[in-house]
Every structure is written in C-alpha cells, then in structure tokens.
C-alpha cells in the first residue's frame with residue numbers, strides 16, 4: 072500500500088505501510104523532557120553526500136507519516152540544509168542535529184502522544200538509501216504523593232506527631248498517576264524501610280508503613296515516601312520529621328560535694344539530659360520549693376543547666392537539697408538528684424534552769440543549769456561565768472561543773488545576778504538572771 076503525501080519534481084515523499092523486518096531499536100524517554108532519536112547518516116561511499124533525511128512516524132493503522140525532513144540537495148554544505156517539521160505533530164519542538172555522531176532528532180517537551188514507532192530514511196547522492204526503525208516509549212512520571220496518618224488525615228507541615236516512646240504508627244503513602252505504574256517506597260534517612268506497594272484503582276498506588284514501638288533513636292528522624300517508575304528523573308517524594316516527646320534521661324548535681332557555711336552565698340548547678348522538647352526543673356530544700364533559679368539550654372534543647380542561688384542557715388544542717396526534672400507532657404517522668412547539706416555555723420546556745428526550777432529560787436536551795444549547744448564543727452571548750460567572773464568546779468564552795476552542766480549548792484542572796492555559759496570556738500555567751508528570795 073502506498074500513499075503520496077508530498078510530491079515535487081525531484082522528490083516523492085510518501086507514507087506507506089511498514090512491512091520491512093529490519094531491527095528496531097528501543098528508545099525510552101520521560102514526558103516533559105527531551106527525546107533523542109539516533110539516525111546513522113554516514114555515507115557508504117567515501118566522498119558521498121547526504122541529499123535528504125526524512126523522519127516518519129507510524130500511525131494507528133501502521134502507516135508511516137512524514138513528520139520531519141532535513142533537505143540538503145541544493146546545498147553543498149550541510150549547515151545550509153533546510154529543516155521542516157509537521158506543525159500539527161511536532162510544532163517547533165523538534166530539531167535534527169545532523170552534526171552529532173550519530174545524528175539525532177531531538178524532541179523537546181516530550182508528550183505521551185509522541186510515543187510510537189519512528190523510521191529514519193536517509194537518501195545519499197550515490198550510496199543506497201538507508202532506513203532505521205526506532206520504538207520510542209514515553210514514560211509518564213507519577214504526578215503526586217500524599218501521606219495519611221493513622222486517623223486517615225493528611226500529614227501537613229512535614230511533621231509527624233508528637234508521639235511518645237513505645238507508640239506504634241501506621242503511615243499510608245499514596246502516589247497518583249504514572250505510566251507505567253510506579254513503585255512506592257518508604258525511606259528513613261538513607262535506609263530503605265519498606266518497598267512493598269499495592270496497585271489500587273483510579274490510577275493510584277499505595278505503600279503502608281508500620282513502625283513498631285518507637286524509640287528515642289527515632290526522635291527527629293526524617294521519613295520519606297518516594298514514587299518512581301524510571302531511572303531517568305528523580306523520584307517525586309514527600310518527607311516529614313518524626314517528633315517525639317521524651318522524658319529526661321539523666322539528672323545530676325555538678326561539682327564535688329562540700330560543706331557550706333551559714334550566711335554565705337552559694338550556687339548549685341544541675342544538669343538534665345534527654346528531655347524533649349522541653350523540661351521542667353524544680354529545686355527543693357526538704358519540702359520547700361526554692362525559686363532563685365536560672366536555666367540555660369543547648370541549641371538542640373537536649374541539655375539544660377539549672378543554677379540555684381541560695382544562702383544556707385544553721386537550721387539547714389542535714390536537710391536534703393534536690394533537683395527534680397520532668398517532662399510535663401509525660402506522666403511519671405520525673406527523676407531526682409540531690410545531696411544532704413553539711414552546714415558549718417557558730418554555736419547556738421540555750422541556757423536553762425534544771426527541771427522544775429524557775430528563776431525565783433529560795434535561799435539555801437541548790438540550783439541546776441543546763442547549757443544546750445548546737446554547733447558545727449563541735450565546740451572544744453565550755454566555760455561558765457558568774458557576773459563576768461570565771462567559775463571553776465569547787466565542791467567546798469558549792470560549785471560543781473560537769474561540762475555542759477552547772478550546780479550551785481546552798482545559794483545565798485549575794486550570789487544573785489547573772490550566770491553565763493561560754494564556748495570557745497567562737498565566743499558566744501548566754502546569760503540567765505537569777506533571783507534569790509528568803
């Protein structure tokens with residue numbers, strides 16, 4: 072069957088039913104990119120020249136329709152050859168690159184309708200006409216991918232969660248479009264997680280990713296769903312960051328444990344590691360919340376240093392000072408670090424009359440005094456004075472001293488006035504006024 076398409080006095084360009092059995096080369100290209108169809112235009116005889124190159128495309132009925140010509144019959148220089156392309160099929164998208172080796176018909180902005188069989192016919196001045204057949208396959212990449220979470224809601228803002236450790240997640244990636252059917256894969260950073268995809272109706276493909284028992288190592292990891300059906304262009308993809316709420320891992324007081332002195336200013340530092348995205352730090356002295364606190368966190372928020380400023384008092388001796396860290400979004404996440412306070416302070420004295428006695432004593436009675444001491448470090452010497460005169464133990468005079476106790480026997484009115492207890496670590500005295508009645 073032969074159909075005449077273009078005719079002039081020198082050339083008969085025809086469309087005809089393809090019946091030859093020459094080898095067909097396969098070319099694969101991607102829609103929207105460039106297809107390059109090679110054609111050997113080298114003459115068989117030395118010194119020969121090209122007359123015309125005609126490109127045909129096979130229609131649905133198997134006819135070869137001329138779509139592009141490169142005509143150099145009237146020119147001795149190839150660069151002066153005339154180009155023609157079918158306006159309806161190719162428009163201005165095609166160009167024959169005769170100067171390349173092999174020569175190529177390039178088709179820009181490739182369309183799906185460009186797919187099919189092509190024939191390149193080369194006529195020479197002397198050499199026999201040469202025909203080559205090509206099969207162009209046009210790949211249509213998938214058009215979009217979306218991700219649905221466990222509730223079937225589309226993931227937006229490229230963030231998943233927040234979840235907590237131990238959670239199980241299920242993510243569905245759906246790819247739309249693509250010819251041939253694309254493969255849909257899940258990746259974690261550069262590691263392939265899941266490559267099993269299902270072909271659904273309506274030109275869609277899905278891959279459902281299950282992740283069991285999320286761990287701390289998954290914090291801020293990037294999950295990516297990719298869809299691709301070729302190796303020529305990059306897959307289309309969507310990525311999202313996995314967000315986890317994490318409890319603190321460690322809490323510790325920094326620096327060596329040392330005694331403190333009452334009345335002086337001190338700072339204690341507490342380091343908390345691992346709580347995400349935030350940590351709540353509180354300081355306690357016994358059951359009392361301490362609030363003179365400053366905090367500073369690392370850029371990634373993983374490490375927080377809390378600094379407590381306080382002035383210890385003597386009554387703080389032995390109290391437990393602690394740093395409490397917790398993630399307020401996670402129940403029962405608190406962990407504690409602390410230490411007992413050792414407070415150095417001057418002696419604290421109280422001087423009391425013996426049991427059942429008051430400071431109105433009957434003349435001739437015996438009087439007992441107890442000196443109660445609280446000191447750190449402990450006192451090394453205790454002295455007793457009467458009216459600023461040092462007392463010493465003298466049973467003949469009715470004065471008995473036993474360390475922290477003093478006994479005055481058979482007291483008289485001339486013994487009235489002040490009794491003072493002293494200690495020597497730092498001189499502290501506590502007076503008692505004694506009244507003796509007849």
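Residue numbers (the working numbering): 72 to 509.
Ideal Cβ positions, reconstructed from N, Cα and C, are used throughout, including at glycine.
Check whether the region 97-114 touches the region 291-305, counting contact only when three or more Cβ pairs, one atom from each stretch, lie closer than 8 Å. The region 291-305 and the region 97-114 touch, with three or more beta-carbon pairs separated by less than 8 Å.
In whole angstroms, give me the CA-to-CA distance for residue 152 and residue 190. Indexing the chain shown from 1 puts residue 152 at position 81. Indexing the chain shown from 1 puts residue 190 at position 119. Our two residues, residue 152 and residue 190, have alpha carbons roughly 20 Å apart in a direct line.
As assigned by DSSP and simplified to three states, the class of residue 405: Residue mapping note: residue 405 aligns to position 334 of the chain shown, counting from 1. DSSP places residue 405 in coil when its eight states are reduced to three.
Using the three-state DSSP reduction, which class does residue 185 fall into: helix, strand or coil? The residue labelled residue 185 in the question sits at position 114 within the chain shown. Reduced to three states, the DSSP call for residue 185 is helix.
Where residue 409 and residue 225 are concerned, what is the direct C-alpha to C-alpha distance, given to the nearest angstrom? For the purposes of this step, residue 409 is identified with residue 338 of the chain shown, where counting begins at 1. For the purposes of this step, residue 225 is identified with residue 154 of the chain shown, where counting begins at 1. In a straight line, the C-alpha of residue 409 is about 46 Å away from that of residue 225.
Report the residue from 107, 335, 448, 341 whose alpha carbon sits nearest the alpha carbon of residue 351. Counted from its first residue, the chain shown places residue 351 at position 280. The residue with the shortest Cα to Cα distance from residue 351 is 341.
With contact counted as at least three CB pairs below 8 Å, one residue from each stretch, are the region 126-144 and the region 176-193 in contact? Three or more beta-carbon pairs separated by less than 8 Å link the region 126-144 to the region 176-193, which places the two stretches in contact.
Taking 7 Å as the cut-off, decide whether the C-beta atoms of residue 255 and residue 272 are in contact. The residue labelled residue 255 in the question sits at position 184 within the chain shown. The residue labelled residue 272 in the question sits at position 201 within the chain shown. No; because the gap between Cβ atoms is not below 7 Å, this pair is not in contact.
Can you give me the start and stop residues for the beta strand (DSSP E) that residue 344 sits inside? For the purposes of this step, residue 344 is taken as the residue at position 273 of the chain shown. 337-344 is the extent of the beta strand (DSSP E) around residue 344.
Looking at residue 378 and the ligand ZN, is the gap between the Cβ and the nearest heavy atom below 6 Å? Ligands in the displayed structure: none, and consequently the ligand ZN is not present.
Quick one: any contact between the region 246-253 and the region 218-234, if contact means 3 or more CB pairs under 8 Å? Segment contact: the region 246-253 against the region 218-234, fewer than three CB-CB distances shorter than 8 Å; contact not assigned.
Just the C-alpha distance for residue 464 and residue 414, rounded to the nearest angstrom, thanks. Counting from 1 along the chain shown, the entry for residue 464 is found at position 393. Counting from 1 along the chain shown, the entry for residue 414 is found at position 343. Here the C-alpha atom of residue 464 lies approximately 34 Å from the C-alpha atom of residue 414.
So what does DSSP say about residue 151, is it helix, strand or coil? As a position in the chain shown, residue 151 is number 80, starting the count at 1. Of the three classes helix, strand and coil, the one that applies to residue 151 here is helix, per DSSP.
Nearest-angstrom Cα separation, counted from residue 473 out to residue 434: Within the chain shown, the letter at position 363 stands for residue 434. Within the chain shown, the letter at position 402 stands for residue 473. The alpha-carbon of residue 434 is positioned some 23 Å away from that of residue 473.
Please return the same chain residues whose Cβ sits closer than 6 Å to the Cβ of residue 150, not counting the five positions on each side in sequence. Numbered from its first residue, the chain shown carries residue 150 at position 79. Counting only residues of its own chain and dropping the five nearest sequence neighbours on each side, residue 150 has no CB closer than 6 Å to any other CB.
Looking at residue 156 and residue 139, is the spacing between their C-beta atoms short of 7 Å? Here the question's residue 139 lines up with position 68 in the chain shown. Here the question's residue 156 lines up with position 85 in the chain shown. Contact flag set, yes.
So what's residue 467 in DSSP terms, helix, strand or just coil? Taking the first residue of the chain shown as position 1, residue 467 is located at position 396. DSSP places residue 467 in helix when its eight states are reduced to three.
Bridge partners - residue 474, DSSP secondary structure assignment: Residue numbering aside, residue 474 sits at position 403 when the chain shown is read from its first letter. Beta-bridge pairing links residue 474 to no other residue.
Once DSSP output is grouped into helix, strand and coil, what is the label at residue 287? Within the chain shown, numbered from 1, the residue matching residue 287 stands at position 216. Of the three classes helix, strand and coil, the one that applies to residue 287 here is helix, per DSSP.
Through-space distance from residue 258 to residue 392, alpha-carbon basis: Here the question's residue 392 lines up with position 321 in the chain shown. Here the question's residue 258 lines up with position 187 in the chain shown. Going by the C-alpha atoms only, they are around 48 Å apart.
Roughly how many whole angstroms lie between the Cα atoms of residue 247 and residue 326? For the purposes of this step, residue 247 is taken as the residue at position 176 of the chain shown. For the purposes of this step, residue 326 is taken as the residue at position 255 of the chain shown. The alpha-carbon separation between residue 247 and residue 326 amounts to approximately 60 Å.
If we ignore side chains and look at the alpha-carbon of each, how far apart do residue 401 and residue 424 end up? Within the chain shown, residue 401 is the residue found at index 330, counting from 1. Within the chain shown, residue 424 is the residue found at index 353, counting from 1. Residue 401 and residue 424 have their alpha carbons spaced roughly 58 Å apart.
In terms of residues, what are the limits of the beta strand (DSSP E) holding residue 259? Taking the chain shown and counting its residues from 1, the one referred to as residue 259 is at position 188. Where residue 259 is concerned, the enclosing beta strand (DSSP E) stretches over 254-259.
Does the beta-carbon of residue 449 have 16 or more other beta-carbons within 10 angstroms, so that it is buried, or is it exposed? Locating residue 449 in the chain shown gives position 378, counting from the first residue. Classification for residue 449: exposed.
Locate the beta strand (DSSP E) running through residue 116, then write down its first and last residues. As a first step, residue 116 must be located in the chain shown, where it is residue number 45. Run containing residue 116: none; DSSP gives neither H nor E here.
Work out the CA separation of residue 142 and residue 81 for me, nearest whole Å. As a working mapping, residue 81 is identified with position 10 in the chain shown. As a working mapping, residue 142 is identified with position 71 in the chain shown. Here the model assigns residue 81 a pLDDT of 41, short of 50, so the residue's position is not dependable, and the following value carries that caveat. Cα to Cα, the separation comes out at about 12 Å.
Segment contact flag, the region 375-392 with the region 352-367, C-beta cutoff 8 Å, min 3 pairs: Touching, per the Cβ criterion.
Neighbourhood of residue 407 by C-beta, 6 Å cutoff - its chain only, sequence neighbours within 5 removed: For the purposes of this step, residue 407 is identified with residue 336 of the chain shown, where counting begins at 1. So the qualifying residues of the chain are 393, 395.
Taking the Cβ atom as the reference point for each residue, do residue 201 and residue 209 lie within a distance shorter than 7 Å? Working through the chain shown from its first residue, we reach residue 201 at position 130. Working through the chain shown from its first residue, we reach residue 209 at position 138. In this structure, residue 209 does not lie closer than 7 Å to residue 201 by Cβ.
Residues near residue 112 by beta carbon distance below 7 Å, same chain, minus five either side: The sequence position of residue 112 within the chain shown is 41, counting from 1. Cβ within range, chain order: 121, 124, 169, 174, 193.
Whole angstroms are fine: how far does the CA of residue 458 sit from the CA of residue 479? By one-based count along the chain shown, residue 479 stands at place 408. By one-based count along the chain shown, residue 458 stands at place 387. Approximately 14 Å, taken between the alpha carbons.
Among the residues of its own chain, which have a CB less than 6 Å from the CB of residue 323, if the five just before and after it don't count? One-based indexing of the chain shown puts residue 323 at position 252. Closer than 6 Å at Cβ, skipping near neighbours: 342, 408.
Which residues bound the beta strand (DSSP E) around residue 418? For the purposes of this step, residue 418 is taken as the residue at position 347 of the chain shown. Element bounds for residue 418: 414-424.
Could you tell me whether the Cβ atoms of residue 105 and residue 206 are closer together than 7 Å? Working through the chain shown from its first residue, we reach residue 105 at position 34. Working through the chain shown from its first residue, we reach residue 206 at position 135. For the 7 Å CB-CB criterion, residue 105 and residue 206 do not form a contact.
Go through its chain and collect everything with a Cβ distance to residue 220's Cβ below 6 Å, but skip five positions before and after it. Counted from its first residue, the chain shown places residue 220 at position 149. Cβ-Cβ distances below 6 Å link residue 220 to 226 in the same chain, with the five nearest sequence neighbours on each side left out; the list follows chain order.
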